[in-house]
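The listed protein sequences derive, respectively, from chains R and Y.
With this note's numbering, the residue at position 121 of the first sequence is 121, and numbering never jumps.
Heads up: take any position in the second sequence, counting from 1, add 1000, and you land on this note's numbering.
Beta carbons are placed, not taken as given, at the ideal position from N, Cα and C, and that holds for glycine.
Being a predicted model, the structure only gives us computed values, none of them experimental.
Here the structure is laid out as structure tokens; the discussion comes afterwards.
There are 2 protein chains.
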Amino acid sequence: MAITGLLLSLLIPFAAAKMAAQGPVVSPEVHADRTVTFRYRDPGAKKVELSLEGVDSIVMTKGANGVWTYTSEPLAPDIYGYNFIADGEARLDIHNPAVKPNLIWVGNMVTVPGNPAEPWEVQHVPHGELHRHFYKSGIIGDERDYFVYTPPGYRPNAGPKLPVLYLLHGYSDMANGWTAVGMAHVILDNLIATGKAKPMIIVMTLGYGVPGFASPIQSGFRDPNRTSRNFDLFRKALLEEVIPAVEHDYRASSTRANRAIAGLSMGGAETLFVGLNNLDKFAYVGAFSSGGLGGDFNADFPGFDGAKTNKALKHFWVSCGVSDGLITFNRNLVTWLKEKNATVDFHETSGRHAWMVWRRNLIEFSQLLFK
Amino acid sequence: MAITGLLLSLLIPFAAAKMAAQGPVVSPEVHADRTVTFRYRDPGAKKVELSLEGVDSIVMTKGANGVWTYTSEPLAPDIYGYNFIADGEARLDIHNPAVKPNLIWVGNMVTVPGNPAEPWEVQHVPHGELHRHFYKSGIIGDERDYFVYTPPGYRPNAGPKLPVLYLLHGYSDMANGWTAVGMAHVILDNLIATGKAKPMIIVMTLGYGVPGFASPIQSGFRDPNRTSRNFDLFRKALLEEVIPAVEHDYRASSTRANRAIAGLSMGGAETLFVGLNNLDKFAYVGAFSSGGLGGDFNADFPGFDGAKTNKALKHFWVSCGVSDGLITFNRNLVTWLKEKNATVDFHETSGRHAWMVWRRNLIEFSQLLFK
């Protein structure tokens, strides 16, 4: 069953012939010593930078063949987002199939593997499943989706009901943010395999209460009324549409003690808004690098009562990277919470406003749940 | 709950500040008259082309602001893949979150909507679900995944067993090809809603029998032994791992009459290889724009018997676009089949080697199944 070069060329789609004719560019190339070489072919560019997550922009070097390259120092094992910037224009690495889905800022990803493997790397352990649901929201009015992770060994018609973590993405992410970029399903597979996390269901729903809220043209946040509606309708859809559907379709516990809510950035703000204002619904609250609330906490959490909150929550987590522009907002939040006598487990971690921080947040937070 | 411009800027990831400072580029912009404007900012480029699926390369026009634009004629309602080509280099449209996942040729997509909506557009009908399974293949040796579509109203623990279509992607696609690009779940939702297709389960598994077979550096097809192993081990994993798992985990019929297999390009060749050589397993075979078999049909289908095939198959579909480089291969195949007295429903359609052809193939083929 052989194939000729001619036949192969017939399988190649539009635009690909030109790329092939120029010879392959390999990018990124992860070496055994954890250095990474990035390559971008652009003979006409005057300056090409690499914008690497967690690092400042790095100037690349042009080779005789028009390929700009940069080889890093050995990098800590992690998943790094990146873009190229050619003469000031952000570009994608067309040679890398690992694309970060995003409504506004599409980027690429490269994994520098650990030895032993890090919790976000696929390992030979039992795997859970991801289920994608589609529905028309009567509250928000659009066709939307949510993802449900069921842990290894979950059977739809047997076994005990499982606790549920509602896990919210950030501004500009889609419903697949926590899986495609955050690797939540891989992380939980690995933590469950070693007994570090309890088997749980994770629900990851689209985090906008207003269609088109995340737009490159006109950010929804610029309009306070729209921002307010975004939070209010998101909460309504979560509580009245998503949670009931999950508890109907899955062996999902509907008791307060078996529900947790957590999220990053805008999803962290939604977590605080939904969690602290609905203590009858959730026993665990985790806000990662939150941003998007206005800062008038008395207005955001009317009638907030620290003692009541302490009694209701089994764990209340707030975290932010010290190099994140939102660290001041989060410190102010924690100060306000403590003034109200709330007990809060505040983590000032290293890092910026980046997925490498949020994966680690999930790894730690998920191990605290349902124990 | 207001947010300041300052706070918004803190939510913006790396590389995005530069893009924002330059002002937004909107691309693609689909107008009410079905014309589409594509925009690509590259002040230094000498020539920028648009490579639009189903159309030849189109030269774009440079504006004073360094933005290259092209506005099409009114386009037929469809989903069009595209890339930009700047001075001969294929580029992605970083402003468009609709990315075509692919192991080798990543591209963008734009939907020109129909009125009424086309079958591949999300409509207000009951929706099925997509389930993503992860497993280590003992046969192939890697960690891999497959997707399962369950139709609207499917309940894991109630109702009759459903027929199953095994639907295979093409060379360089991933397991998500038929959903992320082919919109198979949307198509079936819409066909089932109008009673045109029977409710069915669709299984979309990773189509490689050899890890790394689809690589930009060294195509697996260049090595006949590797090609052969790719087909053999893919078949083994499908028959011995995927089908048993699906029939264990889902209310999936395991009778021959309720199993169909179809695929595109390399997946079409796999469909023929698996389907025609395993008549005890499938009652429907659909090969769309097949390519990847060597052309020695007597070797690929040893002992092929037209009469026996006619008796076993309820429908045997072969199709190819007349502008597809593989049309000759498919005509030769059909000639050979007819010489062997096989009954084959051969469709020479318009179009090239492109998803716009394969979505239409699925729309027609799925309506023939399980009736």
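Cβ atoms of residue j and residue i: under 8 Å apart, would you say?
i	j	result
Asn-1330(Y)	Cys-1320(Y)	yes
Met-1204(Y)	His-1169(Y)	yes
Gly-1081(Y)	Gly-1107(Y)	yes
Pro-163(R)	Leu-362(R)	no
Ala-252(R)	Phe-365(R)	no
Ser-27(R)	Tyr-40(R)	yes
Pro-1074(Y)	Asp-1142(Y)	no
Leu-206(R)	Met-174(R)	yes
Ala-312(R)	Leu-337(R)	no
Ala-90(R)	Val-48(R)	no
Asp-1042(Y)	Trp-1068(Y)	yes
Tyr-1149(Y)	Ala-1214(Y)	no
Glu-1377(Y)	Ile-1139(Y)	What is shown of chain Y runs 1001 to 1371, which leaves residue 1377(Y) out entirely.
Gly-182(R)	Arg-359(R)	yes
Ile-201(R)	Tyr-250(R)	yes
Ala-1045(Y)	Gly-44(R)	yes
Pro-1156(Y)	Pro-1199(Y)	no
Gly-54(R)	Met-356(R)	yes
Given a threshold of 16 other Cβ atoms within 10 Å of its Cβ, counted over all protein chains shown, does residue i qualify as buried or as exposed?
i	result
Asp-1056(Y)	exposed
Ile-1217(Y)	exposed
Val-1242(Y)	buried
His-31(R)	exposed
Gly-159(R)	exposed
Thr-179(R)	buried
Ile-1003(Y)	Any reading at Ile-1003(Y) must be qualified, since the residue scores a pLDDT of 43, below 50, and its modelled position is unreliable; no value is offered.
Gly-1195(Y)	exposed
Asn-310(R)	exposed
Gly-1209(Y)	buried
Gly-351(R)	buried
Val-59(R)	exposed
Thr-335(R)	exposed
Asp-1078(Y)	buried
Ala-64(R)	exposed
Phe-1014(Y)	Any reading at Phe-1014(Y) must be qualified, since the residue scores a pLDDT of 46, below 50, and its modelled position is unreliable; the value itself is stated next. Phe-1014(Y) should be labelled buried.
Gly-5(R)	Because Gly-5(R) carries a pLDDT of 42, less than 50, the predicted location of this residue cannot be relied on, and no value is offered for it.
Ala-184(R)	buried
Asn-83(R)	buried
On the DSSP letters alone, give me the boundaries of the alpha helix (DSSP H) that residue i sits inside.
i	result
Lys-1281(Y)	Element bounds for Lys-1281(Y): n/a, residue is neither H nor E.
Val-1246(Y)	1243-1249
Ile-327(R)	327-339
Asn-298(R)	297-300
Thr-309(R)	306-312
Thr-271(R)	266-276
Check for me: the beta strand (DSSP E) holding residue i runs from which residue to which?
i	result
Ile-1187(Y)	Not the beta strand (DSSP E): Ile-1187(Y) falls in the alpha helix (DSSP H), residues 1184-1193.
Trp-317(R)	315-321
Val-1357(Y)	It is not in any beta strand (DSSP E) - Val-1357(Y) instead sits in the alpha helix (DSSP H) that spans 1355-1366.
Asp-232(R)	Note, Asp-232(R): premise wrong, no beta strand (DSSP E); alpha helix (DSSP H) at 224-237.
Trp-68(R)	67-71
Asp-1142(Y)	That residue, Asp-1142(Y), is in no beta strand (DSSP E); it is neither H nor E in DSSP.
Thr-35(R)	Premise fails: Thr-35(R) is in no beta strand (DSSP E) and is neither H nor E.
Asp-1078(Y)	1078-1086
Arg-352(R)	Per DSSP, Arg-352(R) belongs to no beta strand (DSSP E) and is neither H nor E.
Ser-379(R)	Outside the shown range of chain R (1 to 371) lies residue 379(R), about which nothing can therefore be said.
Ala-1090(Y)	1089-1091
Ile-201(R)	201-205
Gly-1107(Y)	1107-1112
Could you confirm whether any beta carbon from chain A is found closer than 8 Å to the beta carbon of residue i?
i	result
Glu-129(R)	The chain labelled as chain A is not found among the protein chains of the depicted structure, namely R and Y.
State the CB to CB distance for the pair residue i and residue j, rounded to an integer number of angstroms; the pair is presumed to be in contact (CB under 8 Å).
i	j	result
Lys-1340(Y)	Gly-1286(Y)	About 19 Å separates the two Cβ atoms, so there is no contact after all.
Leu-238(R)	Tyr-166(R)	7 Å
Pro-97(R)	Pro-1097(Y)	The Cβ separation is near 16 Å, so there is no contact.
Val-372(R)	Val-1322(Y)	The shown model of chain R, from 1 to 371, leaves out residue 372(R), and the question about it has no answer.
His-353(R)	Ser-265(R)	7 Å
Thr-37(R)	Thr-71(R)	4 Å
Is any heavy atom in the ligand ATP found nearer than 7 Å to the beta carbon of residue i?
i	result
Gly-1291(Y)	What this structure holds is no ligand at all, so the ligand ATP is not there to describe.
Could you tell me whether the segment 210-226 of chain R touches the segment 189-196 of chain R, using the rule of 3 or more Cβ pairs below 8 Å?
no
Quick one: any contact between the segment 1125-1133 of chain Y and the segment 109-120 of chain R, if contact means 3 or more CB pairs under 8 Å?
no
Would you call the segment 1287-1295 of chain Y in contact with the segment 1256-1273 of chain Y, where contact means no fewer than 3 C-beta pairs closer than 8 Å?
yes
Pairing CB atoms from the segment 1271-1280 of chain Y with CB atoms from the segment 1308-1323 of chain Y, are three or more of them under 8 Å?
yes
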